[in-house]
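Numbered continuously in the working numbering, the sequence shown closes out at residue 214. These notes concern the structure reproduced below.
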Amino acid sequence: MFDWKEIFTISMILFAVIDIVGSIPIIVDLRSKMGHIQSEKATLVAAIIMIAFLFVGEEILKLIGIDANSFAVAGSFVLFFLALEMILGIRLYKEDNPSTASIVPIAFPLIAGAGTMTTILSLRAAYDKANIIIAILINVVVVYGVLKSSGKIERLLGTNGLGVIRKVFGVILLAIAVKLFAANVKGLFI
Numbered sequence: 025m026f027d028w029k030e031i032f033t034i035s036m037i038l039f040a041v042i043d044i045v046g047s048i049p050i051i052v053d054l055r056s057k058m059g060h061i062q063s064e065k066a067t068l069v070a071a072i073i074m075i076a077f078l079f080v081g082e083e084i085l086k087l088i089g090i091d092a093n094s095f096a097v098a099g100s101f102v103l104f105f106l107a108l109e110m111i112l113g114i115r116l117y118k119e120d121n122p123s124t125a126s127i128v129p130i131a132f133p134l135i136a137g138a139g140t141m142t143t144i145l146s147l148r149a150a151y152d153k154a155n156i157i158i159a160i161l162i163n164v165v166v167v168y169g170v171l172k173s174s175g176k177i178e179r180l181l182g183t184n185g186l187g188v189i190r191k192v193f194g195v196i197l198l199a200i201a202v203k204l205f206a207a208n209v210k211g212l213f214i
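Here is the structure:
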């Protein structure tokens, strides 16, 4: 049931998708606009969203007539474009300015957004649920730590350091998107 190699792999995939380190500039900007970010609330809500989607996501898809392979292939495109954003430094998805900086946009869509949901559903097809939950919780702890210390991290890494980290995780995410596409595209034609 518990496989530490699986947990590590899933954790790294979710870490790349959530990209909390790459989101530090957004978090810092929100903190300067709003004055305070409710880190505990944002982290808890994101964890609930991710774990709930792990259990009911596939049922919701069945309800609307979409199979897991189709969702995974569509998700690979979402991950592909997220990776391109990270690597090329462009913005394909634009959000509205929030009025509060806890649940929207921090918990959703920054942490538990479309890419994360797609990834969780795709991971469910390949890995044990218990390992996915542990990986989600590991990522939630990392997210909480980053939200609490985003100012310190920004000063420590600097703009160039954050840019390098964002691009490295972008390349990793691009490879994950290609693997996800290749693994699920065959299922569309069976």
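Built from N, CA and C at the ideal position, the CB exists for glycine as well. Values in this document were obtained by computation on a predicted structure and should not be read as measured data.
- By the CB criterion at 9 angstroms, residue 145 and residue 99 fall inside the cutoff.
- Taking C-beta atoms under 8 angstroms as the contact rule, residue 186 and residue 40 fail to qualify, at a distance of about 15 angstroms.
- Secondary structure of residue 186 (DSSP, three-state): helix.
- For residue 116, the secondary structure class from DSSP, reduced to helix, strand or coil, is coil.
- Residue 45 carries a coil assignment under DSSP once its states are collapsed to helix, strand and coil.
- In the structure shown, the three-state DSSP call for residue 196 is helix.
- Three or more pairs of CB atoms, one per stretch, sit closer than 8 angstroms, so the stretch 61-75 contacts the stretch 127-134.
- In this structure, DSSP gives residue 94 a helical state, which the three-state scheme calls helix.
- If you check the CB distance, residue 155 and residue 31 come in under 9 angstroms.
- Contact between residue 160 and residue 170 is ruled out by a C-beta separation of about 15 angstroms, above the 8 angstroms threshold.
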